[in-house]
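Asker: Terminal number for the sequence shown in this note's numbering: 151, no gaps in between.
Cβ coordinates follow ideal geometry from the N, Cα and C atoms, glycine included.
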Amino acid sequence: MEDCIFCKIANGEIPSATIYEDGDFRAILDLGPASKGHALLLPKKHYADLFEIPDEDAAKAFTTAKKVAGALMKAAGAEGIQIVQNNGEAAGQTVFHLHIHMIPGYKKDGHPGAVWNPGTLNDADRNEIVENIKKYL
Ligand code: AMP
Ligand code: ZN
């Protein structure tokens with residue numbers, strides 16, 4: 015895709031701090047890290063989000079993230095790692111080329127990366143979603 019910055023980075027047209035590369039993916043360090051070692055796994059092919067990527071490539075993306083995240087934790091000296099993947103502006107996606115965040119966690123820092131305030135599951139939401147989802151699966 016022309017004018018997609020992650021296409022250019024994934025395919026090596028724009029330099030990046032690359033921590034992993036194979037024929038299908040490149041993993042780079044995020045320029046605005048949530049924690050030390052925050053990295054992004056980018057497919058070399060352009061898919062805007064999870065709903066565009068074919069199942070086979072999605073499966074490969076997750077197994078590749080597993081491999082890179084394990085190595086990244088060791089390389090960064092982290093004790094945990096958070097995997098985050100945003101789809102759509104409403105969910106915090108800002109770059110519309112699918113990417114998987116790998117955010118190392120450190121006991122000394124508390125909870126890094128994506129955090130949320132847990133609410134309480136109410137009956138209306140529970141009934142609406144449990145009932146409606148049957149139409150879409
Ligand atoms: P998201 O909000 O899930 O779309 O995540 C986009 C991520 O890309 C953010 O964490 C940004 O810091 C990161 N980012 C944006 N541009 C670049 C870039 N040129 N190189 C590395 N990371 C980038
Ligand atoms: Zn792209």
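As a quick check of your reading: which residues have a C-beta less than 6 angstroms from at least one non-hydrogen atom of ligand 2, in chain order?
Answerer: Chain-ordered list of matching residues: Met15, Cys18, Phe20, Cys21, His60 and His111.
Asker: Looking at the unbroken alpha helix (DSSP H) that takes in Glu93, where does it start and where does it end?
Answerer: Glu93 -> no alpha helix (DSSP H), and no H or E assigned at all.
Asker: Can you name the start and end residues of the alpha helix (DSSP H) that Phe20 belongs to?
Answerer: Phe20 -> alpha helix (DSSP H) spans Ile19 to Ala24.
Asker: Nearest-angstrom Cα distance between Asp162 and Phe65?
Answerer: The displayed coordinates of the chain run from 15 to 151. Any statement about residue 162 would go beyond what the structure contains.
Asker: Please state the DSSP three-state secondary structure of Gly84.
Answerer: Note: Gly84 maps to helix in three-state DSSP.
Asker: Smallest Cα separation from Gly16: which of Ile42, Ala92, Lys59 and Ala75?
Answerer: The question names Gly, yet the displayed sequence has Glu at residue 16. Here the closest residue by C-alpha is Lys59.
Asker: Out of Val109, Thr77, Pro118 and Cys21, state which residue places its alpha-carbon closest to the alpha-carbon of Gly51.
Answerer: When only C-alpha atoms are compared, the closest one is Pro118.
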